[in-house]
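Residue numbers (this note's numbering), protein chains in the order written: chain A, 566 to 898; chain B, 293 to 627; chain C, 3 to 305. Beta carbons: idealized from backbone N, C-alpha and C, even for Gly. Below you'll find the structure, written out as structure tokens, and then a few comments.
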Amino acid sequence: MTALRGQPGSVPLKISIVCLTLAIACGTLFSLATGGRTDVGLADIFRPDGLARTVLFDIRMPRTCAAALLGVNLGMAGLVLQAITRNPLASPAILGINQGAALGLTLGVVLPNTIDLPLDFYALTGALTAGVVTFAISGGFGGKIDSLRLVLGGVAVGAFSYAMVRFTYTLDDDIARSVIRWTVGDITDIRWSETKRLAVWAVPGFLASLVMAQRFNLMALGQASARGLGADPRITLLLGTVVAAALAGASVTVAGPIAFAGLIVPHLAKFLFGGDHRVLVPTTALLGAALMLVADGLSKTLTAPIEAPIGVVAALMGAPWFLWHTIFARDVS
Amino acid sequence: MRHASSTRLIWTLLGLTFAAIAVFLWSLAAGAVRIPITTIINTLFDLDGPKQGFIINKSRLPRSLLAFCTGSSLALSGAIVQALLRNPLASPKIIGINSGAALGVLLTFIFAPTLDLNWLPVVAACGGILAAAAIFSVAEFAPVSPARLALVGIAIGMACDAAVDFILATSELYEVSAPLVWMTGSLWSRGWAHLNAVWPLLVGLSAITLLYSYRLDLIRLGTAQATSLGLNVRRERLALLALATLLAAISVSVVGVLGFVGLMAPHIARQMVGGTHRGLLPVAMLVGAILAMVADAAGRALFAPLEVSAGILTAMFGAPFFVFLLLSSFPSPIQ
Amino acid sequence: MKRNIFAVFGLCAALATTPLSAGEITHEAGTTDVPDNVKRIVVLEFSFIDALASVGVAPVGIADDNKRDRVIPAYTDIIGDEWVSVGTRKTPSLEVIASLAPDLIIADKTRHSAAYDTLSEIAPTIVLDSLGGDYHDSVAQMAVIGEAIGKKDEMDARIAQHKATMDAYVTQITPLSEGLSAQFGVTNATGLWLHAPVSYNGSLLEMFGFGSAMKPAEGDVYEKVYVPTTLEQLSEVNPDILIFGAYANPSQVDSWKGETLFEDLTAVKSEKVYNVTAHNWSRLRGMLAAEKTAADIVEIMKK
Numbered sequence: 566m567t568a569l570r571g572q573p574g575s576v577p578l579k580i581s582i583v584c585l586t587l588a589i590a591c592g593t594l595f596s597l598a599t600g601g602r603t604d605v606g607l608a609d610i611f612r613p614d615g616l617a618r619t620v621l622f623d624i625r626m627p628r629t630c631a632a633a634l635l636g637v638n639l640g641m642a643g644l645v646l647q648a649i650t651r652n653p654l655a656s657p658a659i660l661g662i663n664q665g666a667a668l669g670l671t672l673g674v675v676l677p678n679t680i681d682l683p684l685d686f687y688a689l690t691g692a693l694t695a696g697v698v699t700f701a702i703s704g705g706f707g708g709k710i711d712s713l714r715l716v717l718g719g720v721a722v723g724a725f726s727y728a729m730v731r732f733t734y735t736l737d738d739d740i741a742r743s744v745i746r747w748t749v750g751d752i753t754d755i756r757w758s759e760t761k762r763l764a765v766w767a768v769p770g771f772l773a774s775l776v777m778a779q780r781f782n783l784m785a786l787g788q789a790s791a792r793g794l795g796a797d798p799r800i801t802l803l804l805g806t807v808v809a810a811a812l813a814g815a816s817v818t819v820a821g822p823i824a825f826a827g828l829i830v831p832h833l834a835k836f837l838f839g840g841d842h843r844v845l846v847p848t849t850a851l852l853g854a855a856l857m858l859v860a861d862g863l864s865k866t867l868t869a870p871i872e873a874p875i876g877v878v879a880a881l882m883g884a885p886w887f888l889w890h891t892i893f894a895r896d897v898s
Numbered sequence: 293m294r295h296a297s298s299t300r301l302i303w304t305l306l307g308l309t310f311a312a313i314a315v316f317l318w319s320l321a322a323g324a325v326r327i328p329i330t331t332i333i334n335t336l337f338d339l340d341g342p343k344q345g346f347i348i349n350k351s352r353l354p355r356s357l358l359a360f361c362t363g364s365s366l367a368l369s370g371a372i373v374q375a376l377l378r379n380p381l382a383s384p385k386i387i388g389i390n391s392g393a394a395l396g397v398l399l400t401f402i403f404a405p406t407l408d409l410n411w412l413p414v415v416a417a418c419g420g421i422l423a424a425a426a427i428f429s430v431a432e433f434a435p436v437s438p439a440r441l442a443l444v445g446i447a448i449g450m451a452c453d454a455a456v457d458f459i460l461a462t463s464e465l466y467e468v469s470a471p472l473v474w475m476t477g478s479l480w481s482r483g484w485a486h487l488n489a490v491w492p493l494l495v496g497l498s499a500i501t502l503l504y505s506y507r508l509d510l511i512r513l514g515t516a517q518a519t520s521l522g523l524n525v526r527r528e529r530l531a532l533l534a535l536a537t538l539l540a541a542i543s544v545s546v547v548g549v550l551g552f553v554g555l556m557a558p559h560i561a562r563q564m565v566g567g568t569h570r571g572l573l574p575v576a577m578l579v580g581a582i583l584a585m586v587a588d589a590a591g592r593a594l595f596a597p598l599e600v601s602a603g604i605l606t607a608m609f610g611a612p613f614f615v616f617l618l619l620s621s622f623p624s625p626i627q
Numbered sequence: 003m004k005r006n007i008f009a010v011f012g013l014c015a016a017l018a019t020t021p022l023s024a025g026e027i028t029h030e031a032g033t034t035d036v037p038d039n040v041k042r043i044v045v046l047e048f049s050f051i052d053a054l055a056s057v058g059v060a061p062v063g064i065a066d067d068n069k070r071d072r073v074i075p076a077y078t079d080i081i082g083d084e085w086v087s088v089g090t091r092k093t094p095s096l097e098v099i100a101s102l103a104p105d106l107i108i109a110d111k112t113r114h115s116a117a118y119d120t121l122s123e124i125a126p127t128i129v130l131d132s133l134g135g136d137y138h139d140s141v142a143q144m145a146v147i148g149e150a151i152g153k154k155d156e157m158d159a160r161i162a163q164h165k166a167t168m169d170a171y172v173t174q175i176t177p178l179s180e181g182l183s184a185q186f187g188v189t190n191a192t193g194l195w196l197h198a199p200v201s202y203n204g205s206l207l208e209m210f211g212f213g214s215a216m217k218p219a220e221g222d223v224y225e226k227v228y229v230p231t232t233l234e235q236l237s238e239v240n241p242d243i244l245i246f247g248a249y250a251n252p253s254q255v256d257s258w259k260g261e262t263l264f265e266d267l268t269a270v271k272s273e274k275v276y277n278v279t280a281h282n283w284s285r286l287r288g289m290l291a292a293e294k295t296a297a298d299i300v301e302i303m304k305k
């Protein structure tokens, strides 16, 4: 799989890593320096006193970490989906996985709980179901994946889930305010407990992706070649779906659906670092973290003092890019 | 592609017309308040006896007619888009027209809330046209496959949706309550004023589209063949895209985003009478009208006094249907 | 059309015989001629129930979000339990409204302006800004409603009585509230919305002499009525007294308990955080509601 423009690896890897680290550092500072209290700013990060310390450690740091982890999770999910479907437009949002998770959550809230299951479980089930249905539609489990059918199937699954979510809160006004949050990504009141949940999924997700990186490379050669080289594409598809659904589902439970993060980040990474997934997995994770950190800072500053939900900011950042890409990129079918 | 014989076409049209009338009558009878048939007849024809003036004449009648008009217009728009993109899985929603129109109307609600109703179709049309223009420029200046065009449309739709979400998320919650209702695709409180604002436009545009049936067939053959048959493809595509945009955008302006009608209707029609547009277009119109009327009436009647938006119902039933189509369509959509 | 003719008629009658004909009411969507003997009234917001209950009139239809218990006993004691639900306040069922054959419909400006023409076809409709207005606006609306239902004198008397009651409360509370800032907010499972000084509850608190810590920043005029607030922002506002109305249990505020920033809030440290019924404080917005709110505040100050 070739990069979009320029040669793969045209930017020397070492420089790229340095740049990425710098980007993350800047993003972190941006995210930490902005927030509800206007008197806790950049200077306080380096010399935190009592109040600033509390604000920074209790409130801003978990949120900043969450933003970074969301970037990692969603970037990974997007990368994995794009690899297993060999479609550069796949992402948890476009394939309906985010919306499926939101629907799962809504059902978890609305349906009477006979068994007391954590919300994560509902989100994960919803995400998995949506992913499986979309893949089934595109023919993934049988033979080839039809590219257009994949995207259109995702649109259908996403639209259906979204309609069901809205339907539930048409019937019950009280749910509306809670559920509305699950229709757009929002990390306003995140604390360490939720951030930990993201980390819990991020680490195995990342490791699993790393392990499967070579499989992804083989997938890119085509399903026949992959099988010939000993990597059964159906297993890759299945494992990849589970990983992507878990990462996306976890993200939706904590923050709601965030479109575009899972779409843009892998693209950017491929553009900069080429197509080898063994390189892509770590770099996508870092890039995702950096972008979401910037988005978090923006969400607090764009319409101050009102905070714009991070999902909306990510969409505003990502939509023009996505548009540009569908028009000009060469490797879209 | 099966060829529809004329008899089959005529029977289908007749059958659908009867079905449409039956659904229309059911739509008049369905709702939060049970009204016996005799009362309906009394009200409609101003006979002696118990009447329900407002509900029948001022609410259900214009709503049903509006559902009919917008449903058929959206279906026509979908048929055109599918021909233009040479892909039976495209629709005005998918190519971003609906989102552009929605953005246009939302901006109007926010910045000019007292604007006269009659301007809404115009505003929506502008939004839809901008979105369509974006797609069209791509089609014109970069040689891309129809599949790519569909994806560009999706991207434009998502960009508009992002803008819409941003506005909704950062506005005062109660201020956007009204546009939110409208945007889910709802005919709540629509009356004669709304109908009168759009039906002449929609009828006119539909008539023009029907006249274009033959040209749609040619365009579907592909650019090379169409040109060799004497068609100025570029100009025709522009005109057709304009038609599709206006039909969809004007509908969206009064009923919001009714998802999937523009997709389902032409496809159901295609299964019934094949792909020749002379037959496909009228059949699609009727199917679209029926779908919209059913969604509206069901939304009114099922959970009374709560109203479920027609848009939610069309998505809830339309999406699985769409999936069914995807699964059962030919292995590769006609490129 | 009919409405315009009536309006012209009314105007002529008004010119001919001052004072203005009692049937012509000016409201947010224009002027409507309301018939004199209004018996069957449909109301589409809770504050309008309050107005009717204040003068002992029972509406035939209420948009109660399909939850009858949202009409609290303070109202049902007066208006009874016979009303018909017309659905949600957001999208009330026009058919059910029509089937009630009302003489008058009272609608809300933000929610129902788009439906004004359609509602007017059913019955004369007046539109008032229930959601957006503050306390003083709401009292003014009571007067308009009183005039519309032909009980101008009774309503004026009731308003005077209400003003006297509230003045008494003010006298009682002001010395206690001297120099203190208080803030009201509603919270559900996922967020907290503070009610700005320009909101209904904000203006009430201001009337009782409480300061507001929610000053607009740097000369911005406070445009937003309900401000989504994070814990950080709350700690910056940091009022002396915090009053929360929770729509969900546990609420977002509950989840903040135990956090340093929350525990460091002035109000929390001095144990001046109070919980009130969100529905009564936030949704009802009428005279009876205001008196209840005032009573709640007295309770709070006594603690």
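Option nearest residue 526/B by Cα separation, candidates 539/B, 616/B, 596/B and 510/B: 510/B
Using 8 Å as the Cβ pair cut-off and three pairs as the minimum, do the region 547–559 of chain B and the region 358–373 of chain B touch? yes
Report, in whole angstroms, the separation of the C-beta atoms of residue 424/B and residue 533/B, which I expect to be a contact under 8 Å. 6 Å
So residue 805/A is in the alpha helix (DSSP H); what residue range does that whole segment cover? 798–820
Specify, as a first and last residue, the run of the beta strand (DSSP E) that residue 228/C falls within. It spans 228–230 - the beta strand (DSSP E) in which residue 228/C sits, taken as one unbroken run.
With a cut-off of 9 Å, does the C-beta of residue 492/B fall near any C-beta of chain C? no
Nearest to residue 196/C by alpha carbon, out of 171/C, 172/C, 236/C and 165/C? The candidate whose alpha carbon is nearest that of residue 196/C is 236/C.
Residue 823/A: contacting residues in chain B (beta-carbon distance under 8 Å): Near residue 823/A there are no residues of chain B at all, since even the closest Cβ is about 11 Å away, more than 8 Å.
Taking 9 Å as the cut-off, decide whether the C-beta atoms of residue 842/A and residue 646/A are in contact. no
Going by alpha carbons, who is nearest to residue 454/B out of 750/A, 731/A and 767/A? 750/A
Have a look at residue 514/B and residue 373/B and give me their C-alpha separation to the nearest angstrom. 14 Å
Just mark residue 839/A as buried or exposed, buried being the case when its beta carbon has 16 or more other beta carbons within 10 Å. buried
Relative to the C-alpha of residue 345/C, which candidate in 428/B, 347/B and 354/B has its C-alpha closest? Since the first residue shown for chain C is 3 and the last is 305, residue 345/C is missing from the structure and cannot be characterised.
Buried/exposed call for residue 303/B, threshold 16 Cβ in 10 Å: exposed
Mind checking whether the beta-carbon of residue 152/C lies closer than 8 Å to any heavy atom of the ligand PLP? Among the components modelled here there is no ligand, and therefore nothing to report on the ligand PLP.
Could you give the DSSP three-state label for residue 606/B: helix, strand or coil? helix
Looking at residue 477/B: is its Cβ nearer than 9 Å to the Cβ of residue 604/B? yes
If contact is defined by three or more beta carbon pairs under 8 Å, each pair taking one atom from either stretch, is the region 27–36 of chain C in contact with the region 153–160 of chain C? Touching, no.
Take the Cβ of residue 426/B as the centre, count every other Cβ of all protein chains shown within 10 Å, and call the residue buried at 16 or more, exposed below. buried
Run of the beta strand (DSSP E) containing residue 390/B, from where it starts to where it stops: No beta strand (DSSP E) contains residue 390/B, which is instead part of the alpha helix (DSSP H) from 389–403.
Residue 125/C to residue 817/A, Cα distance in whole Å? 47 Å
Write down every uninterrupted run of the alpha helix (DSSP H) in the region 533–597 of chain B whose length is 4 residues or greater and which is fully enclosed by it, in chain order. Listed in chain order, the complete alpha helix (DSSP H) runs (minimum 4 residues) inside the region 533–597 of chain B are 553–565 and 569–593.
Here's the rule I'm using: 16 or more other beta-carbon atoms within 10 Å means buried, otherwise exposed. How should residue 789/A be labelled? exposed
Following the continuous alpha helix (DSSP H) through residue 212/C, name the residue where it begins and the one where it ends. Element bounds for residue 212/C: n/a, residue is neither H nor E.
Residues, ordered as in the chain, of the region 80–104 of chain C that lie near chain B by beta-carbon distance below 8 Å: 87, 88, 89, 90, 92, 93, 94, 95, 96, 97, 98, 100 and 101
For residue 541/B, which of 576/B, 601/B, 493/B and 584/B has the nearest alpha-carbon? 493/B
By alpha-carbon positions, which one of 807/A, 772/A and 874/A ends up nearest to residue 821/A? 874/A
Whole-angstrom distance between residue 855/A and residue 588/A, CA atom to CA atom: Between the C-alpha atoms of residue 588/A and residue 855/A there is a straight-line separation of about 6 Å.
Same chain, Cβ closer than 8 Å to residue 577/A, neighbours up to 5 away in sequence not counted: none
Compare the C-beta of residue 619/A with all C-beta atoms of chain C and state if any pair is closer than 9 Å. Among the residues facing chain C, residue 619/A is included, as its CB has a counterpart in that chain under 9 Å away.
Cross-chain neighbours of residue 26/C in chain A, by beta carbon under 7 Å: Ordered by position in chain A, no residue passes the 7 Å Cβ test against residue 26/C, which lies about 35 Å from the chain.
Anyone know if the C-beta pair for residue 611/B and residue 887/A falls short of 9 Å? no
Taking residue 773/A as the reference, give the member of 676/A, 804/A, 727/A and 633/A with the closest Cα. Checking every option, the nearest Cα to that of residue 773/A belongs to 804/A.
Which residue or residues does DSSP assign as beta-bridge partners of residue 194/C? Bridge partners of residue 194/C: 189/C.
Against chain A: residues of the region 339–368 of chain B by CB proximity under 9 Å: Residues of the region 339–368 of chain B that bring their beta carbon within less than 9 Å of a beta carbon in chain A are absent altogether.
Report the neighbours of residue 192/C on chain B: residues whose CB is nearer than 7 Å to its CB, in chain order. Under the 7 Å cutoff, chain B gives no residues; its nearest Cβ is about 13 Å from residue 192/C.
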